[in-house]
Amino acid sequence: MATKNAVNWKKRFAEIRQKAITEGKDIQKHFFEPGIRVLGVSGSARDQFDMAQEDSTSEWLLSKCLDEAKKSGAETKLLSLRKYDIRPCKACYSTTNAQCHFKCTCYPQGEKGDDMTNKIYDMCMWADVIVFATPVNNFKMSSFMALFIDRLISMDGSLSPADPSDPKNKELNKLHTEYIEKHSSDEYGSGFLRRFLGKIGGIIVSGHEAGAGITISSLFLTLNYYGFLFPPFSSVYAVGDICEGTRTDIKKLRSPCYEEDARSLARNLITAAKIAKRKNDYWWDVKSSIN
């Protein structure tokens, strides 16, 4: 790449850096606004009007959690992933950080995009609190939830493309990454912009048998490194009995005990949000030069 072009690209990199710093300030301002916004994300495939002929227990528990949050004065939204077109992550991030963009340029916003790009990223940005609810499928989270989590990488550090007309220019994006590594500072947004930083997280898992601990641990580890803040008792797991058939699960898993766990989760999430939003003279420490 010629020196003249390299200088021009450095100017473009600097513009993106300034845009990210401005976006970071907007994220902080949005977080500290009055009121608490709670997004419940359901990863279940089950629906009484579809093949299962029965609705989801994890989503039922999530509905109780959102109901309690609403009673506490929060604004709530439910995102049922099965109702949306979410396409697979293409793992651009692993080439170089700046190969992955926000919003995702594999499925660019508009007619060529999917619901993740056109709708769901905005829903996640809106929320102060996000509750992730999934069944246990084969000792792990559901395929819908895994797909969703993978696509959230676009929000975890990604920036605008250096060249919007050629967003997957690998060599240019490597130069952009090197620029960020050398020019980032402690200022939020000066490097890779971690958009989940400081959001409050909660987890709900249900299943017929073992796998809840593995599923919760996997979600917790990923979301913690996305920047989520977790209060005490930030997960709920409702598990059936391996010695009995799945036909008995609804009665056991939708018990008053598990419902109260879901409502308790909501109260802890709201308390954590109130504490985190109490004063706007702080922000979380993050090393923005790497992601």
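Just so we're aligned, residue 7 is where the sequence shown starts under our numbering, counting upward by one.
The beta-carbon is built from N, C-alpha and C at its ideal position, and this holds for glycine as well.
- For a cut-off of 8 Å, the C-beta gap from isoleucine 92 to arginine 52 is around 17 Å, too long to register as a contact.
- Excluding five sequence positions before and after valine 242, the CB atoms of its chain that fall closer than 6 Å to its own CB belong to Ile210, Asp267, Ala268, Leu271, given in chain order.
- Serine 212 sits close to leucine 259, with the two beta carbons spaced by under 8 Å.
- If you ignore the 5 residues before and after lysine 176, its C-beta comes within less than 8 Å of the C-beta of Thr101, Thr102, Gln105, all in its own chain and listed in chain order.
- A Cβ-Cβ contact shorter than 8 Å links alanine 139 with glycine 49.
- By the Cβ neighbour-count rule, tryptophan 66 is buried, with 16 or more other Cβ atoms within 10 Å of its own.
- The DSSP-derived three-state label of glutamate 39 is coil.
- For the set Phe150, Leu165, Cys112, Lys118, the Cα lying nearest the Cα of glycine 195 is the one of Leu165.
- Between the alpha carbons of cysteine 130 and isoleucine 136 lies a distance of about 8 Å.
- DSSP places threonine 183 outside any beta strand (DSSP E); the residue lies instead in the alpha helix (DSSP H), whose first and last residues are 176–189.
- Bridge pairing for leucine 85: Val47 [DSSP].
- Remark: C-beta atoms of arginine 23 and glutamate 81 do not approach each other more closely than 8 Å.
- The criterion of a C-beta distance shorter than 8 Å is satisfied by glycine 204 and glycine 233.
- Taking 8 Å as the cut-off, the Cβ atoms of proline 237 and threonine 183 do not count as close.
- Around the Cβ of glycine 197, a 10 Å sphere holds 16 or more other Cβ atoms; the residue is buried.
- Selection Ile33, Val47, Ser294 evaluated against serine 190 yields Ser294 as nearest (Cα-Cα).
- For alanine 278, the enclosing alpha helix (DSSP H) starts and ends at 262–282.
- In the three-state reduction of the DSSP assignment, serine 212 falls in the strand class, which pools E and B.
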